[in-house]
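At position 66 of the sequence shown (counting the first as 1) the number is 65 in numbering that gives the first Met the number 0, and the numbers step up by one without a gap.
Here a beta-carbon is modelled for each residue, glycine too, at the ideal position from N, C-alpha and C.
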Amino acid sequence: MRDDLHTAAEARLGDRRQRYTVNRRAIVDALVTQTAPATIPDLLRARPELSQSTTYRSLAALEEAGVVRRLAAGGEYAHYELAEHLTEHHHHMICVACGSIEDVTLDAGLERQLDDAFAAVARSRGFAPDGHSIDIEGRCAACTS
């Protein structure tokens with residue numbers, strides 16, 4: 000799977016006349032190993048050979064190319080994850096107190112129901128949806144105890 004992921008990332012960057020550098024590849028590799036959207040400090044811990052400035056620049060290029068998605072969740076840092084078209088469809092639980100983010104995958108039947116409901120709403124307004132994303136906001140277990 001990683002080879003396909005790297006091929007797709009390289010193609011996306013190439014479409015924007017950007018190179019898939021060693022550092023950008025390292026960031027993609029670091030994101031693959033994360034269990035939830037990661038902050039820049041998370042990525043730097045996972046790949047200590049990366050500098051903070053390189054990581055910021057590389058993430059900006061990867062985000063612009065559609066390889067990563069930036070999630071602003073309050074808290075001190077933005078979170079980053081691989082774009083959904085490179086991984087799997089999922090949603091997020093976002094803690095409004097500490098800014099932590101957890102991935103949530105719903106049952107396939109429920110996803111179909113949501114897709115149908117959103118498509119009906121979109122059609123009624125002349126809108127053509129490409130997909131949906133749902134973020135559940137609240138307080139994580141650590142912040143409620």
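Given a cut-off of 9 Å on the beta-carbon distance, is the pair residue i and residue j in contact?
| i | j | result |
| --- | --- | --- |
| Leu49 | Arg68 | no |
| Ala72 | Ile100 | yes |
| Glu136 | Val103 | no |
| Ala8 | Val27 | yes |
| Leu109 | Tyr79 | no |
| Asp134 | His88 | no |
| His92 | Cys142 | It is Met, not His, that sits at residue 92 in the sequence shown. In this structure, Cys142 does not lie closer than 9 Å to Met92 by Cβ. |
| Leu4 | Leu85 | yes |
May I ask which residues mark the beginning and end of the beta strand (DSSP E) holding residue i?
| i | result |
| --- | --- |
| Val103 | Ile100 to Val103 |
| Leu49 | It is not in any beta strand (DSSP E) - Leu49 carries neither H nor E in the DSSP assignment. |
| Leu30 | No beta strand (DSSP E) contains Leu30, which is instead part of the alpha helix (DSSP H) from Val21 to Thr32. |
Between which two residues does the alpha helix (DSSP H) carrying residue i extend?
| i | result |
| --- | --- |
| Asp106 | Per DSSP, Asp106 belongs to no alpha helix (DSSP H) and is neither H nor E. |
| Asp134 | Run containing Asp134: none in the alpha helix (DSSP H); it sits in the beta strand (DSSP E), Asp134 to Gly137. |
| His5 | Arg1 to Asp14 |
| Cys142 | Ala140 to Thr143 |
| Arg69 | Note, Arg69: premise wrong, no alpha helix (DSSP H); beta strand (DSSP E) at Val67 to Leu70. |
Measure how close the beta-carbons of residue i and residue j come, nearest whole angstrom, since I'm counting them as under 8 Å.
| i | j | result |
| --- | --- | --- |
| Arg46 | Ala64 | Going by Cβ atoms, the distance from Arg46 to Ala64 rounds to 19 Å, so no, they are not a contact pair. |
| Ala60 | Gln17 | 5 Å |
| His131 | Asp115 | Not really, about 11 Å apart at Cβ, beyond 8 Å. |
| Ala118 | Pro128 | 6 Å |
Buried or exposed for residue i, please, with buried defined as at least 16 other CB atoms from any protein chain shown within 10 angstroms of its CB.
| i | result |
| --- | --- |
| Arg23 | buried |
| Pro36 | buried |
| Val66 | buried |
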